[in-house]
Every structure is written in structure tokens, then in C-alpha cells.
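Working notes, beginning with the structure itself.
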């Protein structure tokens, strides 16, 4: 007898079982998604709170490289902030500015 599967159960089966390569090595379905480090995210949020404008592309990319972050992820982070602000009805100025390339200031820790 042939077992009939619904699209949802087939999807669950695909996601729960690792793929087998030609030599039967188990591989994950897809590579882990690259994310920004928490220190970079904290700095981005402090920049956005201080000035909710979108920096120039050149300065965003230079800033990301100086922090060892993926420039594409930094670009998309600012794009999501701008989209969210527009949806919330917050005015976002069209002019851009240059992000400072100064090293981040480490937070002071109390003993």
C-alpha cells in the first residue's frame, strides 16, 4: 500500500531528516543564517535612537567593515528601521549623513 502524505507532513519530514549525499554523509538542509553580533546591534540601535535618519551607503559599508560586520546586513538593518518608522507614521528625513568610524566605546562595568 502506498502512504499518502499531505504537503505539511511532507514538509515536516523534509525538515526533520537530514539530506543524504552521494556517499551517505548527513548534511544540514541549509547553512546557518548570518547575523550581526550583539555588540554591533547595540551600537546600531544607539545610533538610530540618537539620529533616526539613514546614513549614506558608503558610510554604512565603511562602518560595517570597521566593525567586522557584513555590510549587506548593516544595509538591510537600516532599511528595516526606515520601513518600520514609515509604517508607524514617524517622519524620516530624506537627507543622509556619514557615520563616524570611531571605535565603539566599551560600556563601563562596575566592580
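Residue numbers (this note's numbering): 1424 to 1534. Positions of the beta carbon are idealized from the N, C-alpha and C atoms, including for glycine.
{"Item": "Length of the line joining the Cα atoms of residue 1457 and residue 1485", "Value": "19 angstroms"}
{"Item": "Cα-Cα separation, residue 1536 to residue 1463", "Value": "Summary: the structure shown does not reach residue 1536, with the chain confined to residues 1424 through 1534, and so no result is reported for it."}
{"Item": "Check whether residue 1472 and residue 1519 have beta carbons under 8 angstroms apart", "Value": "no"}
{"Item": "Residue 1523 classed as buried or exposed, judged by whether at least 16 other C-beta atoms fall within 10 angstroms", "Value": "exposed"}
{"Item": "When 1505, 1488, 1454, 1495 are compared against residue 1468, the one with the closest alpha-carbon", "Value": "1505"}
{"Item": "Cβ-based neighbour list, residue 1509, same chain, cut-off 6 angstroms, excluding 5 preceding and 5 following", "Value": "none"}
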